Amino acid sequence: MNETELIELACKGREQAYTPYSGFRVGAALLTRSGTVYLGCNIENASYGPTNCAERTAFFKAVSEGEREFEAIAIVGGPGEGRTGEMCAPCGVCRQVMMEFCDPKTFRIILENGGGKVRTFLLEELLPLGFGPDNLKEAVPADSRK
């Protein structure tokens with residue numbers, strides 16, 4: 001699957017966003033190593049704390065279905081029905097979730113600005129010196145992290 005196709009799927013995910021408070025709608029399309037794509041949207045909550053980002057929605061759907069190997073994620077977002085022309089990068093919490101499940105040296109984060117400009121980053125570029133499962137190899141037996 002190419003970047004354009006993944007961005008188009010992220011736009012479809014964005015259509016399901018529930019954003020009655022901010023109006024900032026985000027969609028994500030997460031590509032697994034097996035070629036399956038999981039869509040996500042942001043879901044707001046009146047008390048704000050339980051709000052969930054599109055990226056984490058896609059990851060949690062995939063992980064709950066047994067997926068553990070990921071290739072890339074496309075993310076699109078902006079206020080209202082349109083997009084600002086700015087790229088919608090993942091927040092720090094989403095980057096940390098990506099670090100839990102992805103190889104930071106190969107996992108691609110694809111951003112599109114709504115005007116056709118696309119930039120692709122590796123997770124290690126957006127989360128330098130990230131803390132992940134490999135940091136705990138000495139402390140926690142690998143089989144207990146499944």
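UniProt numbering puts the first residue of the sequence shown at 1, with every later residue one more than the last.
Backbone N, C-alpha and C fix where the C-beta goes; we use that ideal spot for every residue, glycine too.
Small disclaimer: the values here were computed from a predicted structure and weren't measured.
- Nearest C-alpha to A74 among P133, E112 and L129: E112.
- For the 8 Å CB-CB criterion, M87 and L127 do not form a contact.
- A straight-line Cα-Cα distance of about 31 Å links G82 and R33.
- For the pair A54 and N42, the CB atoms are nearer than the 8 Å cut-off.
- The C-beta distance from F24 to F70 rounds to 25 Å, too long to meet the 8 Å contact threshold.
- The beta carbon of E67 is closer than 8 Å to those of T32, S34, T36 and Y38 in its chain, skipping five residues each way along the sequence.
- Classified as exposed, R119 has fewer than 16 neighbouring CB atoms from the shown chains inside 10 Å of its CB.
- Taken atom to atom, the span from the alpha-carbon of G115 to that of A46 is near 31 Å.
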